[in-house]
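So the sequence shown is numbered by UniProt numbering: it starts at 1 and just counts up by one. Below is one structure, written out as structure tokens, with a few remarks after it.
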Amino acid sequence: MNKFVQFFRNMKVRYKIIMIYFVIGLFPLIFIGTLFFSQIKDSVIKQIKTSTSNTIELATSSLDSNIKVYNNLSDYLAYNETVANIVSNDTNDQFDFYKELDKTLDPMLLSVANFHTDLEQVTIYARDDIVQHGSTLAPITQIENESWFKKASQSDTPVWIINKDKKEVINVRKMPTLERKGILGILYIRMNYDQLFKSFNNFSGDNYGAYIVDGDNHVLYEKLKFDQDRESQMLSFNEVKGMVKRKADNVIYKNSTETNWKVYYYHSRDNISDARLSEAANFLLLVMVVTIIAAAIALWATSKFIVSRLEALQNNIKLVEEGKLEVMVQSKDQDEIGQLITGFGHMINRIKFLIEEVYESKLAQKNYEMRALQQQINPHFLYNTLSMINFMAIESGQNDISKITLALSDFYRTALNKGHNTTCLADELKNMNAYLDIQQMMHDYEFDLDIEIDDAIMDYETPNLILQPIVENAIGHGIDLLEDRKGVLKVYATVDQENVYIMVEDNGVGMDEETINTMLSQNSKGYGMRNVNQRIKLLYGEEYGLHIESIVGQGTIVTIRLPKHKYEKRPDQK
1 MNKFVQFFRN MKVRYKIIMI YFVIGLFPLI FIGTLFFSQI KDSVIKQIKT
51 STSNTIELAT SSLDSNIKVY NNLSDYLAYN ETVANIVSND TNDQFDFYKE
101 LDKTLDPMLL SVANFHTDLE QVTIYARDDI VQHGSTLAPI TQIENESWFK
151 KASQSDTPVW IINKDKKEVI NVRKMPTLER KGILGILYIR MNYDQLFKSF
201 NNFSGDNYGA YIVDGDNHVL YEKLKFDQDR ESQMLSFNEV KGMVKRKADN
251 VIYKNSTETN WKVYYYHSRD NISDARLSEA ANFLLLVMVV TIIAAAIALW
301 ATSKFIVSRL EALQNNIKLV EEGKLEVMVQ SKDQDEIGQL ITGFGHMINR
351 IKFLIEEVYE SKLAQKNYEM RALQQQINPH FLYNTLSMIN FMAIESGQND
401 ISKITLALSD FYRTALNKGH NTTCLADELK NMNAYLDIQQ MMHDYEFDLD
451 IEIDDAIMDY ETPNLILQPI VENAIGHGID LLEDRKGVLK VYATVDQENV
501 YIMVEDNGVG MDEETINTML SQNSKGYGMR NVNQRIKLLY GEEYGLHIES
551 IVGQGTIVTI RLPKHKYEKR PDQK
């Protein structure tokens with residue numbers, strides 16, 4: 001015993017620490033691992049049940065989301081006054097009636113179908129005297145013998161009709177807007193069966209079954225996935241329903257929040273196989289081995305750190321003597337060695353801070369000078385390049401290229417504005433005109449321009465680059481969508497005692513109130529108009545900015561309100 005004690009005393013401190021921690025840590029680890037392995041089966045089963053329940057919950061939520069989308073779509077069309085007015089129009093003038101269908105109703109339903117790609121048919125059935133118009137409009141006599149007709153004609157809310165065998169899903173309901181006009185109208189929406197239930201087609205694993213039923217326990221959807229040797233474990237819906245009543249632990253039951261449908265999911269009782277348990281056990285063993293190895297490495301590193309602090313400090317001092325300040329000097333110890341290391345570290349950090357402070361100050365100054373130089377060089381390079389292109393175009397007789405190059409040069413010169421945020425109205429109009437010249441050439445002069453701005457207000461201040469996004473929006477979302485007339489873009493301005501008003505008017509397709517509100521909101525996907533509006537408000541206040549008036553089918557007027565004061569040129573603009 002004395003020899004062992006003496007041997008232990010003679011060991012290096014590093015090895016003493018490793019031995020003590022290894023003995024103290026190894027036996028508890030083995031005990032805990034053994035205890036954990038005895039509970040691993042319950043843990044794995046619980047984990048899989050939780051995961052499966054979450055998967056079913058997500059799939060049911062996805063189904064509810066789809067149902068809600070289609071119900072909202074049904075409400076939108078069923079209560080749409082425009083649709084009701086078109087369908088209820090007198091059909092004596094067949095040409096005007098079906099022209100209105102082509103012009104308004106067909107595009108509306110086509111846009112709905114394009115947005116919801118899983119829609120297969122959207123049809124309005126109304127009036128016996130209507131001649132069928134494609135899949136858009138048809139006489140109601142075509143569906144009077146359908147089994148669901150009576151139920152649909154009496155329902156103000158969507159009625160879902162699903163045929164599992166035919167894989168058919170339809171959403172039908174009467175149209176209250178037509179009913180108020182004394183007309184019975186049925187909105188018929190058919191969608192893809194597989195797409196509606198696609199969230200239930202992606203379950204992982206094997207040996208499970210899923211049923212979706214309505215309030216009368218009619219099966220709307222089923223999916224049975226079992227290995228060949230377990231096909232005998234497949235259950236009918238009634239058997240699964242009985243398992244729910246018995247509160248079997250291998251059945252999951254969910255209610256749809258949007259419908260009276262119910263979702264049932266069951267799996268084989270031996271779905272938790274020995275292979276999974278073996279995999280979990282192997283993982284546990286691997287964790288234990290890795291933990292032991294990691295603990296041994298950590299203990300060795302810790303012991304080495306404890307006995308080698310002075311050696312590390314000495315090495316760091318030598319590095320500092322050589323001018324190498326990037327050394328790691330840290331210690332949380334409060335003993336003499338720890339305080340010495342901490343004090344040395346603070347001294348090095350202070351020296352590094354003072355050196356870096358001087359260096360960063362000079363670097364910031366250099367970066368500022370470089371940015372200033374770039375602001376002078378880059379525009380000059382751009383203008384010189386465009387001038388060269390213009391010269392080459394003139395030399396080769398390419399007048400169109402020359403014209404568009406000059407317009408592009410004017411556009412960028414006024415857009416860059418030497419880095420200033422504001423400019424005079426005259427330069428802002430030059431920027432807009434350059435952009436419109438390019439757009440006119442791109443559109444082969446298919447739309448007309450009418451720009452009337454009084455010279456007396458050309459010197460008033462305006463934020464830089466606010467007209468171009470507005471005219472771009474007018475062309476792209478208004479004039480370009482016209483089919484029945486030539487586009488006209490007007491720009492004019494008025495003033496009062498305190499304000500300047502600039503109007504951009506187009507005779508495009510216009511937009512509804514919801515689109516206008518969305519365009520200027522924080523949630524707008526397109527930020528051109530919103531950006532202009534926010535910049536004006538940030539510069540001048542909340543009372544200034546954009547005001548949009550629009551009539552669907554007639555056009556849009558965007559009014560820019562700015563404070564009325566003269567623009568003062570900067571020294572670099574004089």
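Every residue, glycine too, gets a C-beta built ideally from N, C-alpha and C. Note that this is a predicted model, so its numbers are computed, not measured.
* To do: Check whether the Cβ atoms of E100 and K254 sit closer than 8 Å, and answer yes or no.
  => Position 100 of the sequence shown, counted from the first residue, corresponds to residue 100. Position 254 of the sequence shown, counted from the first residue, corresponds to residue 254. No, the pair does not count as a contact, with Cβ atoms beyond the cut-off.
* Asked: DSSP three-state call for F197: helix, strand or coil?
  -> In the sequence shown, counting from the first residue as 1, residue 197 sits at position 197. Looking at F197 - three-state DSSP - the assignment turns out to be coil, as it is neither helix nor strand.
* If we ignore side chains and look at the alpha-carbon of each, how far apart do N2 and R9 end up? -> Within the sequence shown, residue 2 is the residue found at index 2, counting from 1. Within the sequence shown, residue 9 is the residue found at index 9, counting from 1. The alpha-carbon of N2 is positioned some 10 Å away from that of R9.
* Asked: When you compare each of E144, N163, L187 to T157 by their alpha carbons, which one comes out closest?
  -> Taking the first residue of the sequence shown as 1, we reach residue 157 at position 157. Here the closest residue by C-alpha is L187.
* **Whether V491 touches L562 by CB criterion (8 Å)** => Residue numbering aside, residue 491 sits at position 491 when the sequence shown is read from its first letter. Residue numbering aside, residue 562 sits at position 562 when the sequence shown is read from its first letter. No, they are not a contact pair.
* To do: Find the nearest neighbour of N464 within the set F411, I124, D444, I438, judged by alpha-carbon distance.
  => Residue numbering aside, residue 464 sits at position 464 when the sequence shown is read from its first letter. Residue F411 is the option with its Cα nearest to N464.
* To do: Under 8 Å by Cβ, that's how I've got V87 and A126 pegged, so tell me the actual separation to the nearest angstrom.
  => As a working note, residue 87 is residue 87 in the sequence shown. As a working note, residue 126 is residue 126 in the sequence shown. Rounded, the Cβ-Cβ distance is 5 Å, consistent with contact.
* Report yes if the C-beta distance between Y567 and E461 is below 8 Å; otherwise report no. => Walking along the sequence shown from the start, residue 567 turns up at place 567. Walking along the sequence shown from the start, residue 461 turns up at place 461. A contact, by the Cβ cut-off of 8 Å.
* Asked: Is V558 helix, strand or coil when you go by DSSP?
  -> What you label residue 558 is simply residue 558 of the sequence shown in a count that begins at 1. If DSSP states are grouped into helix, strand and coil, V558 belongs with the strands.
* alpha helix (DSSP H) segments (min. 4 residues) lying fully within the UniProt domain "Histidine kinase" (467 to 566) -> 467 to 477, 513 to 519, 528 to 540
* Output the distance between the C-alpha atoms of L119 and A113, rounded to the nearest integer angstrom. => What you label residue 119 is simply residue 119 of the sequence shown in a count that begins at 1. What you label residue 113 is simply residue 113 of the sequence shown in a count that begins at 1. If you take the alpha carbons of L119 and A113, they lie about 6 Å apart.
* **Residue range of the unbroken alpha helix (DSSP H) whose run includes M191** => One-based indexing of the sequence shown puts residue 191 at position 191. From DSSP, M191 is part of no alpha helix (DSSP H) but of the beta strand (DSSP E) over 185 to 192.
* Does DSSP put N464 in a helix, a strand or coil? -> Within the sequence shown, residue 464 is the residue found at index 464, counting from 1. Here N464 sits in coil by DSSP.
* Span separating the alpha-carbon of Q365 from that of T423 -> Looking up residue 365 in the sequence shown gives position 365. Looking up residue 423 in the sequence shown gives position 423. Reliability of the predicted coordinates at Q365 is poor, the pLDDT of 45 falling under 50, and no value is obtained from them.
* C-alpha gap between G478 and I189, whole angstroms -> Along the sequence shown, read from residue 1 onward, the residue named residue 478 stands at position 478. Along the sequence shown, read from residue 1 onward, the residue named residue 189 stands at position 189. Cα-Cα distance, rounded: 30 Å.
* Leaving out the 5 sequence neighbours to the left and right, which residues in its chain are closer than 7 Å to Y79 when beta-carbon positions are compared? -> As a working mapping, residue 79 is identified with position 79 in the sequence shown. Cβ neighbours of Y79 beyond the five flanking positions: P176, T177.
* Asked: Whole alpha helix (DSSP H) runs in the stretch 1 to 82 with 4 or more residues, listed along the chain?
  -> 2 to 10, 13 to 38, 40 to 78
* Asked: Per the contact definition of three or more C-beta pairs closer than 8 Å, is the stretch 529 to 541 in contact with the stretch 466 to 476?
  -> yes
* To do: Pick helix, strand or coil for W300, following the three-state DSSP scheme.
  => Along the sequence shown, read from residue 1 onward, the residue named residue 300 stands at position 300. Here W300 sits in helix by DSSP.
* Asked: Quick one: what does DSSP say L235 is sitting in, helix, strand or coil?
  -> Within the sequence shown, the letter at position 235 stands for residue 235. DSSP places L235 in coil when its eight states are reduced to three.
* Residues that W261 bridges to, as DSSP identifies them -> Numbered from its first residue, the sequence shown carries residue 261 at position 261. According to DSSP, which records beta bridges pairwise, W261 is partnered with nothing at all.
* Asked: Which residue or residues does DSSP assign as beta-bridge partners of R173?
  -> Here the question's residue 173 lines up with position 173 in the sequence shown. Residue pairing by DSSP places R173 opposite L187 in a beta bridge.
* Spell out the partners DSSP gives F447 in its beta bridges. => Residue 447 sits at position 447 when you count from the first residue of the sequence shown. DSSP output for F447 lists G487 as bridge partner(s).
* Does the stretch 281 to 301 come within contact of the stretch 19 to 33, defined as at least 3 CB pairs closer than 8 Å? -> Contact between the stretch 281 to 301 and the stretch 19 to 33 is present, because at least three Cβ pairs lie under 8 Å.
* Can you tell me where the alpha helix (DSSP H) with K99 in it begins and where it stops? -> For this step, residue 99 is matched to residue 99 along the sequence shown. 94 to 100 is the span of the alpha helix (DSSP H), which, as asked, contains K99.
* For M432, does the count of other Cβ atoms within 10 angstroms reach 16, so buried, or fall short, so exposed? -> Taking the first residue of the sequence shown as 1, we reach residue 432 at position 432. Looking at its Cβ environment, which holds 16 or more other Cβ atoms inside 10 Å, M432 is buried.
* Kindly give me the distance between the Cβ atoms of D506 and A474, rounded to whole angstroms, as I take these residues to be in contact under 8 Å. => Along the sequence shown, one-based indexing puts residue 506 at 506. Along the sequence shown, one-based indexing puts residue 474 at 474. Rounded, the Cβ-Cβ distance is 4 Å, consistent with contact.
* Burial state of V532 (16 or more Cβ within 10 Å) -> Here residue 532 refers to the residue found at position 532 when the sequence shown is read from its first residue. Classification of V532: buried, given that the 10 Å Cβ count is 16 or more.
* Which term fits H420, buried or exposed, when burial requires 16 or more other beta carbons within 10 angstroms of its beta carbon? -> Counted from its first residue, the sequence shown places residue 420 at position 420. Looking at its Cβ environment, which holds fewer than 16 other Cβ atoms inside 10 Å, H420 is exposed.
* Which class does K318 belong to by DSSP, given the choice of helix, strand or coil? -> Residue numbering aside, residue 318 sits at position 318 when the sequence shown is read from its first letter. Looking at K318 - three-state DSSP - the assignment turns out to be helix.
* **Whether G508 touches T556 by CB criterion (8 Å)** => As a position in the sequence shown, residue 508 is number 508, starting the count at 1. As a position in the sequence shown, residue 556 is number 556, starting the count at 1. Yes, Cβ-Cβ distance for G508 and T556 is below 8 Å.
* **Simplified DSSP assignment, three categories, for V87** => Within the sequence shown, residue 87 is the residue found at index 87, counting from 1. Helix.
* Anticipated Cβ contact below 8 Å, F447 with G487, distance rounded -> For the purposes of this step, residue 447 is taken as the residue at position 447 of the sequence shown. For the purposes of this step, residue 487 is taken as the residue at position 487 of the sequence shown. Right, the Cβ-Cβ distance comes to about 3 Å (below 8 Å), so this counts as a contact.
* Asked: With 16 other CB atoms within 10 Å as the buried threshold, where does D427 fall?
  -> As a working note, residue 427 is residue 427 in the sequence shown. D427 is buried by the Cβ-count criterion.
* To do: In angstroms with no decimal places, state the Cα-to-Cα distance between D450 and Y70.
  => Start at 1 with the first residue of the sequence shown, and residue 450 comes out as number 450. Start at 1 with the first residue of the sequence shown, and residue 70 comes out as number 70. Each residue's Cα considered, the two are about 45 Å apart.
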